[in-house]
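Colleague: Offset between the sequence shown (1-based) and my numbering: plus 5. Virtual Cβ for every residue (Gly too), placed ideally from N, Cα, C.
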Amino acid sequence: LHWRSFEVERTGVFDRIIQTIGSAIEVQDNNDKLAYWLSNSSTLLLLLQRTLKTTGAAGLTPQRRRSTAASFGRVFSGIRASPQSAARPFLGSRLIGGLGDLRQVEAKYPALLFKQQLTAFLEKIYGMIRDNLKKEISPLLGLCIQAPRTSRASLIKGSRSQANALAQQTLIAHWQSIVKILTNYLNVLKANYVPSFLISKVFTQIFSFINVQLFNSLLLRRECCSFSNGEYVKAGLAELEQWCIYATEEVGTGDFFPW
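Here it is as structure tokens:
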């Protein structure tokens with residue numbers, strides 16, 4: 006903004022930024038680095054959304070304008086109703102002078118193309134983090150629909166003895182492993198100041214994924230459709246529900262538990 010880079014016909018600034026982000030996210034399993042760039046790219050993109058005049062989109066072809074708007078809407082669907090109120094909590098505290106000092110500019114083609122490329126990177130990084138989380142929890146989901154045979158009786162009887170308490174702890178070990186993975190991802194996203202609406206969106210999609218995977222697994226494995234396994238799944242879902250209560254308080258957004 007200070008250099009008026011958004012208002013010039015030719016500049017190499019945006020190409021250097023895109024190249025830097027592209028090379029930084031080549032290691033797709035480094036969630037800490039991915040979260041860092043997710044945070045920065047989303048902040049920058051919302052800054053562009055606030056400062057670039059919409060009439061400046063004339064520099065792009067109609068197809069490109071539609072593509073940019075559609076992709077931006079997919080990622081930021083949670084703030085479309087009130088972009089100013091959604092952006093304020095994290096943009097206002099991270100930019101000098103807050104949102105009130107930002108001026109709108111008539112952007113030229115390089116800036117509009119940069120916004121389009123930045124949107125694509127944001128969606129890519131977001132998808133990489135989400136898919137990494139899916140990969141980590143997927144092997145555990147198959148173990149979460151059938152109670153270990155040695156411990157089923159303990160869960161059904163509900164004995165208060167120490168032995169049965171340990172058995173029940175063993176029963177939900179796989180669920181607790183999932184909770185641990187979710188907590189690790191939540192901490193990484195928070196530590197890198199990823200906007201709360203993006204964090205909420207990640208976990209909303211992850212819980213929908215868990216929901217579908219468990220349902221499909223039960224349909225394919227009829228032997229798991231028993232009372233004891235139902236109690237096992239119920240106990241595990243209670244673990245996830247408790248985690249959601251904790252995570253919702255940490256993130257400060259609406260509940261994203263789908264059940």
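Tell me whether the beta-carbon of Tyr237 lies closer than 9 Å to the beta-carbon of Ile183.
Modeller: Cβ atoms of Tyr237 and Ile183: not closer than 9 Å.
Colleague: Judging by CA-CA distance, which residue of Asn45, Pro115, Asn35, Ser231 is the nearest neighbour of Phe126?
Modeller: Minimum Cα distance to Phe126 is reached at Asn45.
Colleague: Check the Cβ-Cβ distances between Lys38 and every residue of chain D, and say whether any is below 9 Å.
Modeller: Given the protein chain composition of this structure (a single chain), no chain D is represented.
Colleague: Alpha carbons only, please: which of Asn197, Gln218, Phe202, Leu191 is nearest the one belonging to Leu145?
Modeller: It is Gln218.
Colleague: In three-state terms, what does DSSP make of Leu148?
Modeller: Leu148: coil per DSSP, three-state reduction.
Colleague: Using 10 angstroms around the beta-carbon of Ala92, count the other beta-carbons present and answer buried if the total reaches 16, otherwise exposed.
Modeller: With a pLDDT of 45 at Ala92, under the threshold of 50, the predicted position of this residue should be treated as unreliable, though the coordinate-derived value follows. It is buried - the Cβ of Ala92 has at least 16 other Cβ atoms within 10 Å.
Colleague: In whole angstroms, what separates the C-alpha of Tyr251 from that of Ser213?
Modeller: Cα to Cα, the separation comes out at about 18 Å.
Colleague: Per the contact definition of three or more C-beta pairs closer than 8 Å, is the region 46 to 56 in contact with the region 111 to 123?
Modeller: The region 111 to 123 vs the region 46 to 56: in contact.
Colleague: Within 10 Å of its beta-carbon, does Gly241 have 16 or more other beta-carbons around it, so buried, or fewer, so exposed?
Modeller: Per the 10 Å Cβ criterion, buried.
Colleague: Keeping to the same chain, check which residues put their C-beta closer than 8 Å to that of Arg135; ignore five residues upstream and five downstream.
Modeller: Around Arg135: Val207, Gln210, Ile211.
Colleague: Taking the alpha helix (DSSP H) that Gln210 falls in, what are its first and last residues?
Modeller: Unbroken alpha helix (DSSP H) run through Gln210: 201 to 225.
Colleague: Could you check what DSSP says for Ser164 in three-state terms: helix, strand or coil?
Modeller: Bear in mind that a pLDDT of 49 at Ser164, under 50, signals an unreliable position, so the number given afterwards is only what the model happens to contain. In this structure, Ser164 counts as coil in the three-state DSSP scheme.
Colleague: Here's the rule: buried if 16 or more other CB atoms are within 10 angstroms of the residue's CB, otherwise exposed. What is Val32?
Modeller: Classification for Val32: exposed.
Colleague: Using a 10 Å radius around the Cβ and a threshold of 16 neighbouring Cβ atoms, would you call Ser47 buried or exposed?
Modeller: Counting Cβ neighbours within 10 Å, Ser47 comes out buried, since at least 16 surround it.
Colleague: Taking all protein chains shown into account, decide if Asn266 is buried (16 or more other Cβ within 10 angstroms of its Cβ) or exposed.
Modeller: The first residue shown for the chain is 6 and the last is 264, placing residue 266 beyond what the model contains.
Colleague: Have a look at Asn189 and Thr25 and give me their C-alpha separation to the nearest angstrom.
Modeller: In a straight line, the C-alpha of Asn189 is about 26 Å away from that of Thr25.
Colleague: Please tell me whether Ala40 and Asn221 are closer than 9 Å, where the distance is taken between their beta carbons.
Modeller: No.
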